[in-house]
Amino acid sequence: MRVLVTGDRGLVGTVVTAALTAAGHRTVGFDLADGHDVRDAADLERMAAGCDGIVHLAAVDEPVDDPDLAEFGPATTGTDAVVFETNALGTGNVLRAAERRGVPRVVVLSSVDVLGCFGGRGRPDYLPLDDRHPTRPAGAYGMSKWLAERMCAAATAATGVCTVCLRPPGVFTEEIYAGIRRARRDHPDFEWSPYWEYGAFLDVRDLASAVERALTAPLAGHHRLLLCAADISSSNDHARTLAERLLPDVEWRGGPEYETDPFRALVDASGARALLGWAPRHRWRPPHRV
1285 MRVLVTGDRG LVGTVVTAAL TAAGHRTVGF DLADGHDVRD AADLERMAAG
1335 CDGIVHLAAV DEPVDDPDLA EFGPATTGTD AVVFETNALG TGNVLRAAER
1385 RGVPRVVVLS SVDVLGCFGG RGRPDYLPLD DRHPTRPAGA YGMSKWLAER
1435 MCAAATAATG VCTVCLRPPG VFTEEIYAGI RRARRDHPDF EWSPYWEYGA
1485 FLDVRDLASA VERALTAPLA GHHRLLLCAA DISSSNDHAR TLAERLLPDV
1535 EWRGGPEYET DPFRALVDAS GARALLGWAP RHRWRPPHRV
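Counting from 1285, one number per residue, gives the positions in the sequence shown under this note's numbering.
Following this line, the structure appears as structure tokens:
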């Protein structure tokens, strides 16, 4: 496949591009670092010519105030206006380019933030979270990603283009792993911010493999899928203990699988596993054995 990749020069984009290339695809980069802006509809349409798929990674996040995230926060941040222009308008431009150039599939990097219960905002209806959980986005970033998903659904209904919106939690790189390990050497009970997001994370290499599967799996229609590593990133707490500590009043829907794998993730990615034939390979700790 010939694939247009927006945001290909970013931390996620470089890994995704490498994975697509390794799988035999030809990539066309579209990144602000090279003078390409997703707010420029004409440029997107020009670059999408002859492509069989589009992977839309380019986005702007809100500034991060959490000191735990200062070292590993999002690379590109902006005002609310810039967040909406880039994430919502940019997605609209991607979808219009796909329509006008006859690109049959678009994979969009969304976020767990569309649920409205991450980043210290809101509360989940239940745990573990799954693809059926309602969306109640809060903040410019979550709202912009939610709007992007809605536009994808509308584009599919109107034009038949297959759209897949992937919803990862915090994406971990080698630098983030190393930073957490350094902190825990000095303070064994240290909990990085994902602890307050149900310990959810996803290795960037597993995100890249999910993107490749979303491009190539035999699909039609519009899909929104949670992604997550198989386990949580807590220093000591089991998943149920973490849930009870953070949100004791939230309904627990976990089954016996949390007894056999007590560090099992609190974000259920079984939808992506079933639909895409995808599974995360990188865990925070080795699989538990009873």
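All C-beta atoms, glycine included, are put in the ideal place defined by N, C-alpha and C.
Query raised in the report: Under a Cβ-count criterion, where at least 16 other Cβ atoms within 10 Å of its own Cβ denotes burial, should R1389 be classed as buried or exposed?
Result: buried
Query raised in the report: Roughly how many angstroms separate the alpha carbons of D1292 and V1391, rounded to a whole number?
Result: 14 Å
Query - Closest Cα partner of V1551 within the set A1494, T1500, L1486, D1490 - result: L1486
Query raised in the report: Among S1395, A1439, G1294, which has the Cα closest to the Cα of R1420?
Result: That would be S1395, whose Cα lies nearest to the Cα of R1420.
Query raised in the report: Nearest to N1520 by CA position, among E1528, E1496, F1547, V1534, is which residue?
Result: Measuring from the Cα of N1520, the nearest candidate turns out to be F1547.
Query raised in the report: Do G1313 and T1301 have their C-beta atoms closer together than 9 Å?
Result: A contact, by the Cβ cut-off of 9 Å.
Query raised in the report: Between the C-alpha atoms of V1450 and L1328, what's the straight-line distance to the nearest angstrom?
Result: A small correction: the amino acid at residue 1450 is Leu; Val does not occupy that position in the sequence shown. So the alpha carbons of these two residues sit roughly 21 Å apart.
Report task. Return the residue from the list L1526, A1462, D1321, C1335 that minimises the CA-CA distance to L1373. Result -> D1321
Report task. Classify W1568 as helix, strand or coil using the three-state DSSP reduction. Result -> coil
Query raised in the report: Does the beta-carbon of E1496 have 16 or more other beta-carbons within 10 angstroms, so that it is buried, or is it exposed?
Result: buried
Requested in this report: Within its chain, find whatever has a CB closer than 7 Å to the CB of T1457; leave out the 5 residues flanking it on each side and keep chain order.
Outcome: Residues L1295, V1488 of the same chain have their beta carbon placed closer than 7 Å to that of T1457, with the five preceding and five following residues left out of the count.
**Report entry** With 16 other Cβ atoms within 10 Å as the buried cut-off, status of P1412
**Finding:** buried
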